[in-house]
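Residue numbers (our numbering): 1 to 322.
For each residue, glycine too, the CB sits at the ideal point set by N, CA and C.
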Ligand code: UDP
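Okay, here's the thing in structure tokens:
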């Protein structure tokens with residue numbers, strides 16, 4: 001069976017569904033702090049905290065685990081600045097506890113949910129995996145610390161891993177089963193959809209003087225269903241010994257500006273979206289776009305659901321149904 005930490009969360013829930021579709025048997029490990037019980041459905045779950053070795057041991061004792069997809073973690077930049085200790089505790093120490101249990105039980109296959117935030121403000125676009133990793137916030141810093149630890153756990157204990165560095169995860173399950181539901185919400189697409197639905201009065205555009213074609217930041221939005229399929233391909237490749245342990249970007253290779261996202265939401269929803277232009281948000285790199293060749297060559301993976309219109313349409317369906 002495959003342990004999916006954070007399997008009740010936004011990306012983890014999509015990965016659980018993709019694992020089942022590929023014939024794997026997933027087990028969720030989640031403390032439901034940000035995950036949703038309603039996302040668990042009929043998947044077996046161990047309720048526990050990633051920082052608690054006893055909880056992790058319980059999952060490995062109750063189920064015969066062959067591999068781990070590790071999504072459990074903290075992922076909000078403003079929260080990370082306010083309380084970096086929690087980010088180190090969960091993202092680094094919690095992750096290491098999990099690896100220690102894997103090592104002790106001889107479980108070798110591990111996929112890590114990493115992020116383009118480990119690159120900081122890149123000098124080039126698109127960003128290749130070899131670019132310097134110089135994070136500019138404690139969130140990216142803790143994800144990088146864990147990526148580095150993984151390398152040594154590989155070398156010394158034989159853990160076989162992939163660190164998948166996501167760009168901007170977005171969209172929702174096309175069947176409407178899961179979607180993005182954070183509290184507080186800080187991400188652009190759900191905030192714009194909230195404004196379209198009349199749940200928020202206005203969308204703020206953080207900065208219009210960036211060195212980009214329309215002055216707003218460019219991001220590489222990748223559909224959560226595409227992210228999920230990359231995890232399954234990565235796990236299969238590791239288990240079949242077809243890939244070596246390494247980091248791989250997951251993105252589309254195309255950047256969209258904040259204004260383009262708002263324009264797409266207007267088109268898809270047919271609603272008015274009031275906008276207020278404000279100052280830059282601290283810590284936002286102007287352009288984050290993935291180099292995607294490695295994912296294609298190593299995993300045979302490309303994004304197939306990440307057209308911006310499709311991302312917004314699936315997210316809008318989820319937003320309205322929930
Ligand atoms: N953004 C914005 N208004 C918002 C939220 C986000 O203009 O209310 C911008 C943000 O500055 C960034 C882009 O939208 O350039 C994507 O931000 P998000 O928080 O969704 O993801 P991030 O790139 O920070 O991971």
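Using a C-beta cut-off of 8 Å, the stretch 92-104 makes contact with the stretch 150-159, since at least three inter-stretch Cβ pairs fall below that distance. Taken from the Cβ of residue 191, at least one heavy atom of the ligand UDP lies inside 6 Å. Secondary structure remark: continuous alpha helix (DSSP H) runs of at least 4 residues inside the stretch 183-254, in chain order: 188-196 and 224-239. In this structure, the C-beta of residue 187 approaches the ligand UDP to less than 6 Å from one of its heavy atoms.
The Cβ-Cβ distance between residue 179 and residue 170 does not fall below 7 Å. For the 7 Å CB-CB criterion, residue 262 and residue 192 form a contact. By the criterion of at least three beta-carbon pairs nearer than 8 Å, the stretch 208-215 is not in contact with the stretch 268-276. DSSP places residue 133 in no alpha helix (DSSP H); its state is neither H nor E.
Taking a C-beta distance under 7 Å as the contact criterion, residue 306 and residue 187 do not qualify as a contact pair.
Here the distance from the Cβ of residue 206 to the nearest heavy atom of the ligand UDP is below 6 Å. DSSP, reduced to helix, strand and coil, places residue 123 outside both helices and strands of the structure shown, so it counts as coil.
The beta-bridge partner set that DSSP reports for residue 67 consists of 2 and 109. Residue 259 sits in a helix when the DSSP states are folded into three classes.
For residue 30, the secondary structure class from DSSP, reduced to helix, strand or coil, is strand. At least one heavy atom of the ligand UDP falls within 6 Å of the beta-carbon of residue 284. Counting C-beta pairs with one atom in each stretch, the stretch 237-253 and the stretch 287-298 have three or more that are closer than 8 Å, which means they touch.
Taking the CA atoms as reference points, residue 309 sits about 11 Å from residue 260. Note on residue 74: 16 or more other CB atoms within 10 angstroms of its CB, so buried under the neighbour-count rule.
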